[in-house]
Amino acid sequence: MSQPDPADLQAATAVGDAQEHGQGDLSEQIGRLVRDRPYGVLCTQSQSQPYGSLVALGSTDDLTAFVFATPTATRKYRLLSECDHVALVIDSRSGTPSELMDVEAVTVTGRARQIPSGPDFDRWAELLLRRHPHLASFVRAESSALFRIDVIRYFHVCRFQEVRQWVPSPTT
Amino acid sequence: MGAQPNYVIPLSEVSDRHEPLIGAKAARLAALARAGHATAPGFCLTTPAYEQLLAQSRLEDRIRMELGRKPFDDMRWEEVWDAALRIRSAFVAQPVPSEVADAVATALAEYPADTAWAVRSSAPGEDSTSRSFAGLHESYIGVVGFGAVVDAVRLVWASLWSDAAMLYRKELGLDPGRSRMAVLVQTMRTEDVSGVAFGRDPRKPAAENAIVEAVPGLCAGLVDGQVDPDRWELRRSDGATVAWHPGHRDEQGATSPLLDEHDLSHLLRVLTDVESLFAWAPDVEWTGRRDRLTLLQARPITTAAADSEDKRGWYLTLRPGTARLRKLRERVADELIPALEAEGERLAAEDLAACSDEELADAIDERAAAVERWTKIYWEEFIPFAHGVRHLAVYYNDAVRPADPYEFVGLLQGEELLAMRRNSALRSLAEQIKPNVPLCEAIDEACSSASHEAAAWQPDAIDAIRAVEGGEAFLTAFQHAVDNVLDLAYGKTRLADRPDLILRGVLELARSQNTGAVSHTGPGPHTAEALAQRLLAAVGPDRREEALETLQLGRLSWRLRDNDNLLLARVQSQLIRALNVAAERLRAGGRLAPVVRLEAEDVAKIAAALRDSLGAKVVLEQKASPKQAPKRTSPGETPRQLIGQPAAPGVQAGEVRCIRSSEDLGRFRAGQVLVCDAIQPMMTHLVPLAAAIVERRGGMLIHGAIIARELGIPCVNGIAGAVDLLNDGDLVTVDGYLGIVTVGPPEFDLELGERALVG
């Protein structure tokens, strides 16, 4: 008694049953991108003026936080001290126009805070240096500051326009 | 000056090393000519010519955009067809690179200006002993003049990206990004007979027989299956005829064989020579007889030809030619649709209540058999005829070359569809109740009192409607509409049994007419007549009749494609009606539980129970009705922008209402965004109420897309899992220009709210 699917030839074609999502699990996809890309653009702001800086990144396994270092004499350090609302953009571009449909990107929103020296500092520095060992002296320099970003939300873009949001939860 | 790639190679200069540039088809023909076989002279346009077009036009980026919108596996055939149509239009719109055009002009200059050419695909790597692209890429015959040859070349290049070729390549695991197309341009020979010949019988390779098939005139009719050939089985060892089957053709003299003994033995000799030359049993296309025999093509017999797993044959049915459509029209329009309509009417007229139990059981069996029979016909004949509208699309685009490859859809406007008749009946009902507030309230009350457990209205609710002024007249008009245009099954529900579901829609229509809650822009600027004139002007007087027939076939195919769903749903509705009468009777006798939803597999049990003179109780297995819960692939994941096809232009925002079952039909409110698996013909009355439409099923020519375009309602379709990802009440913005559905406002609630302060 079931109704034949009007105008639907799917059953008769070799095109497979539509998967719910061709892209698979979003958290895994984001994890893969974050692991593959060691850098991201940090977006800061103050007095209605946005600003962008390329930074070397480390991240926690559960994707709830990122870590980066910056000299304290920089514009971004000053902006961070004035406003801790930040965004990060990480993407998979290689730079050719023909890859448009293959590029993936995440915009991460979160709050940044400086990590004071102590055991916490060592733990977060280790997270950054695991990916960027050549930055060891930079991270530990007197004039550098280490920041963590606690992630609030991810916006994942693929196929040029497809956008999904993900709010990560810390793993215990 | 740097070395220019070889865009053109005359067939007479081809050597084996050229095969990667010209494809096996062209390389083999050249090899046959070198071995002394007669072949038609001509030249090859090499793959560098195709690559030059890609490089100059950046068509490759365009193709990536088209095919990258969603995973290929998620694309339904209709979506692949749409992508192929847009890619084809992009190819047609591109000028052929001047250096390639110059090379073609130089090659053509070697022949008289009025030479008729065959322009054929020869994609490197396309044919082997295990696969064949025969028929999946395009070929054009009878092409005369430089402009026409260049046009045909472009279309052959584009056919690398036809729906059938893409699907077949995917099935074979070939990477479409690496595919290239060469083109074979050969002079045409007009002979009295043509055909195909197989060195061995592809279906019985061990039988040591060769097969020859012949048709009068050109080979094209045989290759696309339109002309029934004479067919011989010849013993390979001595050429003796093992079997001869005359072709069934209408022309005079069809009963006498097209080939005589000498023709056949000559062909068998050629087959043997070709087999020795290539070291494989050949499948040869030929024209002419004996000393005028010309070989048009030779390829290995594909073992796949006898393999039922190979889908090439099925893909070929996706593109029926005019002759096949003509035959289908006769069968579908003249015989099947009237028969289906008559069957529905006859079944609806039967007084089932007056039947004995035995007669009722017979009625159920008859209806179940009718549903099964018509469902089979639906797939085997109605759906193939539906390709008539696609045939029209390609014909229109080739002739008119419009900037919008979907301009042809305007040709379908104003067709008298059953669904439109039904919508207009509902609109009249809405107009009838619109000024009558007490009647609207009484109907609203009656709808609220109805439940899906009840087979019909609560009697006091009907009395309440009747008591209101105008109520009696409304009920009569409503019953008339139910009998004439609403006797339909929607899934397992018979709409005639659930007037509340329909009347909710009528109330909403009345309300929206009152408040102007939804106003749509209506169809675009082109009228059907203006587009038809455009087509006729483009094809010119010589092809006027052909164009008119294509137009008529396309429009008829579109109209019947819509109507057949409703007519089939009526027969299904009559099966449900008989089951309901039976269930009522069994319940009254205490043999069936009071509330039970009947399933397809219960039909036999119900009929058997009616015939059971001992009156045993009927036990039906009750299945829980599947309630789909929204799915999210990761915890914490929500969609923000969903990408589908831009199926009807416009941008509208609204609240989501998902239609998952018949119950949801009555919940839809004017101004909401209609989200569903697909707009079915029995729910089109909701479309004029919708702010926008979102569908899982994709395609520019599916029902919802066409109706949305006709009404000027934005529509995005082809969103996998649309009804799972979106929830009732979600605020969405539907962008029918870009094919984007944006979920929720662009807020920063989380960033600026409590959660953000935790850190």
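As you go down the protein sequences, you meet chains R and B in turn. Numbered according to our numbering, the first sequence spans residues 16 to 187. Numbered according to our numbering, the second sequence spans residues 4 to 762. Idealized CB from N, CA, C, for every residue including glycine.
Contacting residues, own chain, Cβ-Cβ under 6 Å from residue i (five flanking each side not counted)
i        : result
B/Asp166 : Val83, Trp84 and Ala87
B/Ala610 : Ala364, Ile367 and Asp368
R/Arg250 : Since the first residue shown for chain R is 16 and the last is 187, residue 250 of chain R is missing from the structure and cannot be characterised.
B/Gly26  : Ser125, Ala126, Pro127 and Ala185
C-beta neighbour in chain B for residue i, strict 8 Å
i        : result
R/Gln180 : yes
R/Glu97  : no
R/Glu141 : no
R/Glu35  : Below a pLDDT of 50, predicted positions are generally treated as unreliable, and R/Glu35, at 34, falls in that range; the measurement from the model is reported next regardless. Chain B contact via Cβ: present.
R/Glu157 : no
Interface partners of residue i on chain R, CB under 7 Å
i        : result
B/Asp64  : Pro112 and Ser113
B/Arg72  : Arg174
B/Glu375 : Within chain R, no residue comes near B/Glu375; the closest Cβ sits about 10 Å away, beyond 7 Å.
Amino acids of chain B, ordered along the chain, whose beta-carbon sits closer than 8 Å to that of residue i
i        : result
R/Phe170 : Arg643
Residues that residue i contacts on chain B, provided the C-beta gap is smaller than 7 Å
i        : result
R/Arg47  : The contacting residues do not exist; R/Arg47 stays about 13 Å from chain B at best.
R/His100 : Glu754
Three-state secondary structure assigned by DSSP to residue i
i        : result
B/Phe751 : coil
B/Asp680 : coil
B/Gly674 : coil
B/Trp164 : helix
R/Val172 : strand
R/Ser68  : strand
B/Ile722 : coil
B/Glu353 : coil
B/Trp247 : strand
R/Gln60  : strand
B/Asp310 : Low confidence applies here, because B/Asp310 scores a pLDDT of 47, under 50, leaving its location unreliable; read the following figure in that light. Coil, per DSSP.
B/Ser142 : strand
B/Val744 : strand
B/Pro405 : coil
B/Asp266 : helix
B/Leu510 : helix
B/Val159 : helix
Contact set between residue i and chain R, taken where Cβ atoms lie within less than 8 Å
i        : result
B/Leu753 : Thr124, Ile167, Arg168 and Val182
Residue i: contacting residues in chain R (beta-carbon distance under 9 Å)
i       : result
B/Arg67 : Ser113, Glu114, Leu115, Met116 and Asp117
Test: residue i CB closer than 8 Å to a CB of chain R
i        : result
B/Ile646 : yes
B/Ile743 : yes
B/Glu640 : yes
Chain-order list of residues whose beta-carbon lies under 8 Å from that of residue i (same chain, five-residue window excluded)
i        : result
R/Pro183 : Ser42, Asp77, Leu78, Thr79, Val166 and Tyr169
R/Asp51  : Ser107
B/Arg588 : Asp360, Leu363 and Leu613
B/Asp733 : Glu658, Val659, Val746 and Gly747
B/Ala116 : Gly148
B/Asp401 : Val95 and Leu158
B/Val574 : Leu343, Glu346, Gly347, Leu350, Arg370, Ala373, Val374 and Trp377
B/Cys222 : Ser197, Gly198, Val199, Glu288, Trp289, Thr290 and Leu299
B/Leu267 : Val215, Trp235, Leu237, Gly242 and Thr244
R/Pro53  : Ala71, Leu72, Arg146 and His147
Neighbourhood of residue i by C-beta distance below 7 Å, restricted to the same chain and skipping five residues each side
i        : result
B/Arg620 : Position check: residue 620 of chain B holds Lys in this sequence, whereas Arg was assumed. Correct list, in chain order: Arg594.
B/Ile446 : Ile436, Ile468, Leu506 and Leu510
B/Ala336 : Leu559 and Leu563
- Task: Please go through the region 419–504 of chain B and give each complete alpha helix (DSSP H) segment of 4 or more residues, from N-terminal end onward.
- Result: Considered as a whole, the region 419–504 of chain B harbours 421–436, 440–452, 462–470 and 474–488 as its complete alpha helix (DSSP H) runs of no fewer than 4 residues, in chain order.
- Message: So within the region 195–240 of chain B, which uninterrupted alpha helix (DSSP H) runs reach at least 4 residues, ignoring any that extend past its ends?
- Response: Fully enclosed alpha helix (DSSP H) runs of 4 or longer: 223–226.
- Task: Starting from the N-terminal side, write out each stretch of the alpha helix (DSSP H) that is 4 residues or longer and does not extend beyond the region 562–617 of chain B.
- Result: Entirely contained in the region 562–617 of chain B, the alpha helix (DSSP H) runs reaching 4 residues are, in chain order, 606–614.
- Query: What residue ranges within the region 7–71 of chain B form continuous beta strand (DSSP E) runs of no fewer than 3 residues, ordered along the chain?
  - Reply: With a minimum length of 3 residues, the continuous beta strand (DSSP E) runs that stay inside the region 7–71 of chain B are 11–13 and 45–48.
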